[in-house]
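Note that this note's numbering has the sequence shown beginning at 1, numbered continuously upward.
Ideal Cβ positions, reconstructed from N, Cα and C, are used throughout, including at glycine.
Beneath this line is the structure, given in C-alpha cells, with notes to follow.
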Amino acid sequence: MYVAVIRRISGGVGVKTAKSFNTPLFFSDTCARNLKTFVTQWPRHITTFLCYGRSPRVEAAQRMHKLSAITVASSRGYGSLAMQELSREEMLGTQGVQPPKEQDLEPAGLPSRPLAEAKLPSGKMNLHRLHLKYKRKQPISMATAYDYPSARLVDGAGIDMVLVGDSLGMVVLGLEDTTSVTMDQMVHHCRAAARGTRNAFVVGDMPFGSYLTPDEAARNAVRLVKEGRADAVKLEGGRQEHDSASHPTIYSPPHVVPQVRALVAAGVAVMGHIGLTPQSHTALGGYRVQGRTAEQAQELVEAARELQAAGCFGIVLEMVPAAVASLLTAEISIPTIGIGAGVGTSGQVQVFHDLLGLYDGKVPRFSRQFGHMEAPMLSALQEYARAVEERSFPEPRHSFSIERSELLAFEQRLHPKTTRRAEGHAATTAFSFDSYLTPAAATRSAIHAQALQAKPAPSTPRVVRTVAEWRELFASRPASKPLGLVPTMGALHAGHLSLVEKENDAVAVSVFVNPRQFAPTEDLQSYPRPWEKDLEALTKAGVDYIFAPSVEEMYPPSQPNLKPFVDLTGIDSLSEGARRPGFFRGVSTVVTKLFNIIKPQRVYFGQKDGLQCIVVRRLIEDLNFDTQLVVGETVREPDGLAMSSRNIYLDAKQRQVAPTVYRALCAMRDLHRAGERDAAALREAGMQVLAKEPLLIPEYISLSSCRDGEEVQNLPTPGSPFAPETMAAIAVKLGTTRLIDNIILK
C-alpha cells in the first residue's frame, strides 16, 4: 500500500512525500496534476493545519504560553527542565510574534474551548501538571483540609490542590477570625494534612504577621515547606505601595511583592491572594466585596500583574465581582483560583467544612453545601452515647477472651481465701469467658458471683444486635429444640416477664422500639428505654437470648418508593385501628420481620393488647408461618389497673383514677354474666362507670369478635355452635396518657 504524507520542513512550509522511505517518491504513472503536489512546497498555514489541526495564530499562542511558563519556571530554578518543552524550531518561530488577542483564538460569539481535550496522566500534582491544566483550560479544583482525615478525603476525591488555610482558626479552633493563628499551628496542621495527601498539590497558608519583611517571609515559608511538608505557600496581599494621596479611594492590599520575590529566590513556590484578604479584614471595614469600582478593579489587575511578575504560579481571588475576576483572569498568564469570584476564573477553592455542612457559624454566600454531614455524624455519636449508657456496647465481639485456667488463677490471686472455698463449685460449672462479656458485665461477673455465693447466679442473656449475628448463632440449631419468642418494646414489667415460659428449650425476648407503630404526634422520642433495668429483669427471669437491633438494622435505608410493609385490609375501620391509623401496619411489618429473622416455634403476646393478638393470629394463619401463638392473661396491679410501660406517665391523682377502666370492664362482664346480649346495653353499662370520673375522656367502648375484630351488635347466646368469643375493650385518655384494656366475655 502506498501512503503519501505532508512533512514539515525548515520555515514551517511542507512537502509531500511517501510515508515510508523504502518506497518510491511517487508512482511512475502519476498524472501531471498529482505530480505537481510532490514538487511544490505547501504554504505554512496549510502545513500547520494539516500537521497540527490548528491555525498559525493558535500555534503562536501556544508557544507564548510555553515561553511564559519557562520564564516563571526559570526564576524558580526549573528553567533547564522547562526549556526542553520547546524545540529549537519553536523557539525560533516565536521571534517577532506578538501574543494573539482573545478574539483571535476563538470565533466571535462562541464559548472558549480547551486547546487540548486529553486528560492529564494520573499521579502526583505538581506545578508542571497544574500549568498543563491551565494551558488546556481545564478547571482546577482546590479545597481546604486541616488534618490527616480531611486531607485524605479531599485527596481521595481527586481534587487537584489542598489548601491548609489559616481558616482553621475559625472552623477547627473556634476562633472569631484568622488573625490569631500562629506559625507553629500552621506547621502542625500542614504536616498532618501532608500525611493524608498522595496526589493533591499541598499549599500552606502563611499566617498573619509571619511575612512582614522579606527575610521573615523567607524564613517562615521555608519552615512551612521543610517542616510542614507543603508543596507551596500562599500569602495575602498585592502590588508595591502606590501614591495613596492621589488615589485615596483605591483599595490598597498589603504590600507583599518584595516578599514574593524573596520566597521565589529561596526556591519556594508561591501563590498570591488578592481581593478580600481575611487577615486584614478589619482594615477593609469587614468582609466586603472588593473591586466594585473601576479604580478598585484596575488596582486588582495591577496587583495580579505584579504578583505574576514577582514569580507567583497562581493567584486566589476572593470576593471579587464575577465580571472583574473574568477580565482579570484574561489579563494574566497564570491560573486564578476563585472563591466568591464567579465561574470565569481558572479554578475554584472552597472550605472543607462549608462544603460538607460541618460549620456552625454563618455560611458565606459564595459557598455551597454539597453535603449535610453534621446530622448523620451527630446521630451516630448519640447512638454511641446511648449504647454506652445502656451497656450494649461493647459486645462480646468487641472484647478479648482469656483462658479459663488463667482467669481462675487470676481470681485466686485477687481473692485467695474466697476462691479456694468456691473452687470446687466453679470447676463443675460450664462457662466461657465470652459468656459474661455482655451488657452489664462490668457489674455482674458470673465468675466472681460463683466465688462469693454458694449457688450460681443466673447467667446473663446473650445479647444479639444484628440479623447476621442471629442467623450465624442459630445456623446449626436442631429443629427439635423449640425456641420461644416474646416480642417487646422494652420498659418491661411483670406482664412481659409472665410470658417467659419454660416450656421451650430456649427463650428469646426482642427489645425494639418500633418507630412504625408511632404516629407523628405520639411519644416515640420520650418512650421509656431503661435498658439496664430490662436486662437485669430478663436475667432474673432466665431468658437465654435478647434480640435488640437498631432502627437502621430493622429498616435499612432504601429508595422512597421501595419501602415494603405488611398491611391488613380493613384494620383501620376497627376499634383500635380507627383511632391509630397506620399503627397495625407497623405491628404487622415488625412481627413479620421478627418471625423471619428469629424463626420461633412459639410466640407469646399478652391479652392486654387484644386487637394486636387478633392481628398476629391472622398473620400466622394467612401467611403460613410455622409458629404457634400463645396469648397470656393480662397482668394487673392489685387495684386492677393493667400493667403498661406507659403507666409511668401518670401522676398521683391520675394513678388513683386509672383503675376505673377495669371497673367499667367488670361492670360489662357482670351484666353479660347476668344474661345481657345486647351490645348497646353492655356499652352503656361501661360508660356509666367511666362517667363517674371527669378526668377520664373515653375514646371508645368496643365489643368485637375475637376471630376478626369486627364489632358485634348481639353477642352469641350460650351453646351457640361455632360462636367466637367476644372481646370487651375500652380506650380512654387520662391527661396526656392513653390507656387501653380489655377482657374476654366467655
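Asked                                                                                                                                   : Found
Residue-chain proximity (P396, chain C), Cβ-Cβ < 8 angstroms                                                                            : This model lacks chain C altogether, as it is built from one protein chain only.
Beta-carbon proximity of L715 to R683, cut-off 8 angstroms                                                                              : no
Residue of K137, A221 and P207 minimising C-alpha distance to T179                                                                      : P207
Residue range of the unbroken alpha helix (DSSP H) whose run includes K234                                                              : Counting along the chain, K234 falls outside any alpha helix (DSSP H), though it belongs to the beta strand (DSSP E) covering A232 to K234.
K133, buried or exposed, once every other Cβ within 10 Å from all chains shown has been counted against 16                              : buried
Of the listed residues I332, G347 and V513, nearest to K137 (C-alpha basis)                                                             : G347
Backbone CA spacing between G209 and G169 [nearest angstrom]                                                                            : 15 angstroms
DSSP three-state assignment for L127, whether helix, strand or coil                                                                     : helix
Whole-number beta carbon distance between F512 and P548, since they are thought to touch under 8 angstroms                              : Going by the sequence as given, residue 548 is Ala instead of Pro. Rounded, the Cβ-Cβ distance is 7 angstroms, consistent with contact.
Residue range of the alpha helix (DSSP H) that includes Y148                                                                            : Y148 to G156
Where F201 falls: helix, strand or coil (DSSP)                                                                                          : strand
For Q517, three-class secondary structure by DSSP                                                                                       : helix
CB contact flag (D155, G196, <8 angstroms)                                                                                              : yes
Inter-residue Cα distance where the pair is R223 and A375                                                                               : 38 angstroms
Cβ shell of G342 (< 6 angstroms), same chain only, five flanking positions each side left out                                           : A322 and A325
As assigned by DSSP and simplified to three states, the class of D622                                                                   : helix
Local Cβ density within 10 Å of L378, reported as buried at 16 or more and exposed below that                                           : exposed
Inter-stretch contact (C-beta, 8 angstroms, three-pair minimum) for the region 728-740 and the region 599-606                           : no
Assumed close pair R229, A266 - CB separation to whole angstroms, cut-off 8 angstroms                                                   : Contact doesn't hold; Cβ gap of about 17 angstroms is too wide.
C-alpha distance - T47 paired with Q41, whole-angstrom precision                                                                        : 9 angstroms
Residue from G610, V162, A642 and M125 with nearest C-alpha to N199                                                                     : M125
Endpoints, the alpha helix (DSSP H) within which S588 is located                                                                        : F583 to I598
The region 646-656 contacting the region 618-625, beta-carbon criterion three pairs below 8 angstroms                                   : no
Chain-order list of residues whose beta-carbon lies under 6 angstroms from that of K733 (same chain, five-residue window excluded)      : I697
Beta-carbon gap between S476 and V635 smaller than 8 angstroms                                                                          : no
Contacts around P335, its chain only, beta-carbon distance under 7 angstroms, and the 5 residues preceding and following it disregarded : L130, Y134, I140, G314, S346 and G347
D523 versus G586 - alpha carbon distance                                                                                                : 15 angstroms
Candidates I337, L665 and R7, of which the one nearest I743 by Cα                                                                       : L665
V257 and V270 closer than 8 angstroms at C-beta                                                                                         : no
Contacting residues, own chain, Cβ-Cβ under 7 angstroms from I9 (five flanking each side not counted)                                   : V15
Backbone CA spacing between Q628 and R368 [nearest angstrom]                                                                            : 57 angstroms
Cβ separation of V566 and T592, assumed to be a contact under 8 angstroms, to the nearest whole Å                                       : 5 angstroms
Bridge-paired residues (DSSP) for F547                                                                                                  : V464 and S510
Proximity of Q279 and E216 at Cβ, strictly below 8 angstroms                                                                            : no
Rounded straight-line distance, which links the Cα of L327 to that of V164                                                              : 28 angstroms
Contact check, L355 vs G340, beta carbons under 8 angstroms                                                                             : no
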